[in-house]
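A short write-up of the structure that comes next.
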Amino acid sequence: FNFITNLVVEDIQSVAAFCHLHKLKIAVSYDSFGRFNKKDLELFKRNIEIIAPYIRMISLTMTKQSMELIVNGEDTYFDYLYSRFDCDWDHLLPGNDGLKPMMPAESDLLRFYKVLADKYPKCINMKSFTENKLDAAMTSMPCTRGNSFTIFSDNSVPKGCSGSVILRNANTADLGGPKIIHNFLEKRNCLECEYYSRCTFSCFIHNEYKDLVRDVDGCVYAKVFDYVKEKEDE
6 FNFITNLVVE DIQSVAAFCH LHKLKIAVSY DSFGRFNKKD LELFKRNIEI IAPYIRMISL
66 TMTKQSMELI VNGEDTYFDY LYSRFDCDWD HLLPGNDGLK PMMPAESDLL RFYKVLADKY
126 PKCINMKSFT ENKLDAAMTS MPCTRGNSFT IFSDNSVPKG CSGSVILRNA NTADLGGPKI
186 IHNFLEKRNC LECEYYSRCT FSCFIHNEYK DLVRDVDGCV YAKVFDYVKE KEDE
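So in my numbering, the last spot in the sequence shown is 239, and the numbers never skip.
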């Protein structure tokens, strides 16, 4: 079981006691933009200090606005979280048209990944880029299609992963089938890429978002590998 919380809870001591009793580590959701109002953010910060021994990782979402705050160095609290916990950035899956303005373009992703490589290389999602001794057997994909089981609150079970139900305005009708993987690999010519054995790819469903701005010539992830390699060769 994967326990996730945004820590906006008044009785944090009960949560800590539950984690202690069952020897649990939890994932905590944090975002620089759009998640908390001022009051909830203050509560989150207080609760972090209490629940810290039971935090497995800080989970963040790559929205255009949150990424800009990180790129511009305007979220010092993220720096604090990064200094204490494992942090992992996941892709945004727009579930409604209201989230469209939060979807970053490919150029935004590339710029953001470069900042992570420079300032936050220990983020979990940067491991394949920064640890060049990894091989295919050691590299795990962020995609959980094959190793997770989800039941929604209405007792429905999504085909593939939960993202297949969440995403709206997709290019491919059957997001739970293998077509979306073929689309991803073929578009980027992954099988002939020099980084194939190290790359964790991306969220295949995120790649199917119809309104994704594809303004990078080539593969974003290959370019990040190139960037890290150039830094190492300097």
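In this text, a Cβ means the ideal position worked out from N, Cα and C, and glycines have one as well.
field: Bridge partners - Cys208, DSSP secondary structure assignment
entry: Cys208 pairs with nothing; no bridge assigned.
field: Three-way DSSP call (helix, strand, coil) for Tyr200 in this model
entry: Coil.
field: Of the listed residues Leu46, Thr205, Leu97 and Ala57, nearest to Gln70 (C-alpha basis)
entry: Leu97
- request: Quick one: measure Cβ to Cβ for Asn62 and Asp93, integer angstroms, because I've assumed they're closer than 8 Å.
  value: Reading off the sequence shown, one finds Met at residue 62, where the question assumed Asn. Distance from Met62 to Asp93 at the Cβ level is roughly 5 Å; contact confirmed, criterion being Cβ atoms closer than 8 Å.
Residue closest to Asn194, alpha-carbon to alpha-carbon, out of Tyr87, Lys132 and Tyr226: When only C-alpha atoms are compared, the closest one is Tyr226.
field: Reduced DSSP category for Arg219 - H, G, I as helix; E, B as strand; rest coil
entry: coil
message: Just verifying my parser: in three-state terms, what is the DSSP assignment at Ser88?
response: Helix.
message: Can you give me the C-alpha to C-alpha distance between Ala142 and Glu197, rounded to a whole angstrom?
response: Summary for Ala142: the model assigns pLDDT 45, below 50, so the residue's position carries little reliability; its value from the coordinates is reported in the next sentence. Near 18 Å, if we compare the C-alpha coordinates of Glu197 and Ala142.
- request: For Ala110, name the three-state secondary structure that DSSP assigns.
  value: coil
- request: Please report how far the alpha carbon of Phe38 lies from the alpha carbon of Asp95, in whole angstroms.
  value: The straight-line gap from Cα to Cα measures roughly 15 Å.
- request: Examine chain E for any beta-carbon lying closer than 8 Å to the beta-carbon of His187, and answer yes or no.
  value: In summary, chain E is missing from the structure at hand, where a single protein chain is found.
- prompt: Is Ile56 helix, strand or coil when you go by DSSP?
  reply: helix
field: Terminal residues of the beta strand (DSSP E) in which Ala227 lies
entry: Premise fails: Ala227 lies in the alpha helix (DSSP H), Val225 to Asp238, not in any beta strand (DSSP E).
- prompt: Taking the continuous beta strand (DSSP E) assigned at Ile31, which residues delimit it?
  reply: Ile31 to Ser34
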